[in-house]
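Take a look at the structure below.
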Amino acid sequence: MRRALKVFTLSAFIAAVWAPASAHAEGYVSPWVAANAGTRFGDFDNGRAGFGVNAGGMGNGVIGGELGFGFSPSFFGTKNDFGSNSVIDLMGNVIVGVPIGGTRGAGIRPFLAGGLGLIRTQIDGGTLTGVLNNVSASNNMFGWNLGAGVMGYFNDHVGLRGDIKYLRGFEDTRTNIPVIDFNAPGQFHFWRAAVGVVFR
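Following the numbering used here, the numbering of the sequence shown begins with 55 at its first residue and continues without gaps.
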């Protein structure tokens, strides 16, 4: 009987602690479309469209985490010039945002987000690839991103999200050697402005 009472007490305590945390957790999914700009790769400077999705969650406070996936087809230029080419990024981010108006109903949440992950570039053929002397057909590189934006909700579950993000690889594309230098000229980098819907 005493053991059963201990189990009941422990279960009640866990439920009391866990229930409020679960009730106030704020999960979300946000598909988006974007424009990429400031792209620098070899001697080419192009801006291209992309799309993707962010999924994450915010706790009771202002800190949370999210996973972001982006795909940008024809990133470097036309198929005639570069063949089938694209950039894929997969980033795990910490997100910090203050919920103005609370986490229920209408409200807005300005936020900062940043983290680390994978950036994959791919160029398959095309008439101009010969001038990109130090670029492999496909390249996976460790990278980072940093950005800011705002999520605005119309009600408990649906809203809009917009953000601007800077993405950069750690690898020097001229040597294929990772370097911890945020200003190294050989690192692949670009800006992204994205807008989408958000469901929580």
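Idealized CB from N, CA, C, for every residue including glycine.
- Can you tell me the Cα-Cα spacing of residue 134 and residue 110, whole angstroms? Residue 134 sits at position 80 when you count from the first residue of the sequence shown. Residue 110 sits at position 56 when you count from the first residue of the sequence shown. Rounded to whole angstroms, residue 134 to residue 110 spans 38 Å at the Cα level.
- Report yes or no: do the stretch 136–144 and the stretch 155–165 share at least 3 C-beta pairs separated by less than 8 Å? no
- Item | C-beta atoms of residue 242 and residue 142 nearer than 8 Å | Residue numbering aside, residue 242 sits at position 188 when the sequence shown is read from its first letter. Residue numbering aside, residue 142 sits at position 88 when the sequence shown is read from its first letter. In this structure, residue 242 sits away from residue 142, with a CB-CB distance that is not shorter than 8 Å.
- Item | residue 210 (DSSP reduced to helix, strand or coil) | If you number the sequence shown from 1, residue 210 lands on position 156. The answer is coil: DSSP assigns residue 210 none of H, G, I, E or B.
- Item | Inter-residue spacing [alpha-carbon to alpha-carbon] between residue 84 and residue 90 | Taking the sequence shown and counting its residues from 1, one reaches residue 84 at position 30. Taking the sequence shown and counting its residues from 1, one reaches residue 90 at position 36. Going by C-alpha positions, residue 84 is about 18 Å away from residue 90.
- Any idea what DSSP makes of residue 90, helix, strand or coil? If you number the sequence shown from 1, residue 90 lands on position 36. In the structure shown, residue 90 sits in a strand (DSSP, three-state: E or B).
- Would residue 253 be called buried (16 or more neighbouring beta carbons within 10 Å of its own) or exposed? Indexing the sequence shown from 1 puts residue 253 at position 199. Residue 253 is exposed by the Cβ-count criterion.
- Which first and last residues belong to the beta strand (DSSP E) in which residue 139 is found? As a first step, residue 139 must be located in the sequence shown, where it is residue number 85. Its beta strand (DSSP E) spans residues 138–151.
- Leaving aside the five residues before and after residue 193 along the sequence, list all residues of the same chain whose C-beta is less than 6 Å from its C-beta, in chain order. Here residue 193 refers to the residue found at position 139 of the sequence shown. Around residue 193: 175.
- Item | Nearest-angstrom Cβ-Cβ length linking residue 247 and residue 86, presumed shorter than 8 Å | As a first step, residue 247 is located in the sequence shown; it is residue number 193 there, counting from the start. As a first step, residue 86 is located in the sequence shown; it is residue number 32 there, counting from the start. Contact doesn't hold; Cβ gap of about 10 Å is too wide.
- Grab me the residues of residue 201's own chain with a C-beta within less than 6 Å of its C-beta, minus the 5 sequence neighbours each way, in chain order. Within the sequence shown, residue 201 is the residue found at index 147, counting from 1. Cβ within range, chain order: 167, 217, 218 and 219.
- Please name the residue or residues paired with residue 168 in a DSSP beta bridge. Indexing the sequence shown from 1 puts residue 168 at position 114. The partner list for residue 168 (beta bridge, DSSP) reads 200.
- Contacting residues, own chain, Cβ-Cβ under 6 Å from residue 245 (five flanking each side not counted): By one-based count along the sequence shown, residue 245 stands at place 191. Taken in chain order, the residues that qualify are 91, 92 and 220.
- Reducing DSSP to helix, strand and coil, say where residue 242 ends up. Against the sequence shown, residue 242 aligns to sequence position 188. Looking at residue 242 - three-state DSSP - the assignment turns out to be strand.
- With C-beta atoms as the reference, is residue 255 less than 8 Å away from residue 159? Residue 255 lies beyond the stretch modelled for the chain, which goes from 55 to 254, so this question has no answer here.
- Message: I need the DSSP call for residue 193, collapsed to helix, strand or coil.
- Response: In the sequence shown, the residue the question calls residue 193 occupies position 139. Strand, per DSSP.
- For residue 119, the nearest candidate out of 82, 125, 105 and 225 (CA to CA): Counted from its first residue, the sequence shown places residue 119 at position 65. For residue 119, the nearest C-alpha among the options comes from 82.
- Which residue from 149, 153, 88 and 108 puts its Cα closest to that of residue 129? On the sequence shown, position 75 is the one that residue 129 refers to. For residue 129, the nearest C-alpha among the options comes from 88.
- Hey, residue 116 and residue 150: beta-carbon distance below 8 Å or not? Taking the sequence shown and counting its residues from 1, the one referred to as residue 116 is at position 62. Taking the sequence shown and counting its residues from 1, the one referred to as residue 150 is at position 96. Yes, the Cβ-Cβ distance between residue 116 and residue 150 is below 8 Å.
- Item | Span separating the alpha-carbon of residue 250 from that of residue 178 | Here residue 250 refers to the residue found at position 196 of the sequence shown. Here residue 178 refers to the residue found at position 124 of the sequence shown. One C-alpha to the other measures close to 30 Å.
- Item | Assigned exposure category for residue 223 - 16 Cβ within 10 Å defines buried | As a first step, residue 223 must be located in the sequence shown, where it is residue number 169. It counts as buried.
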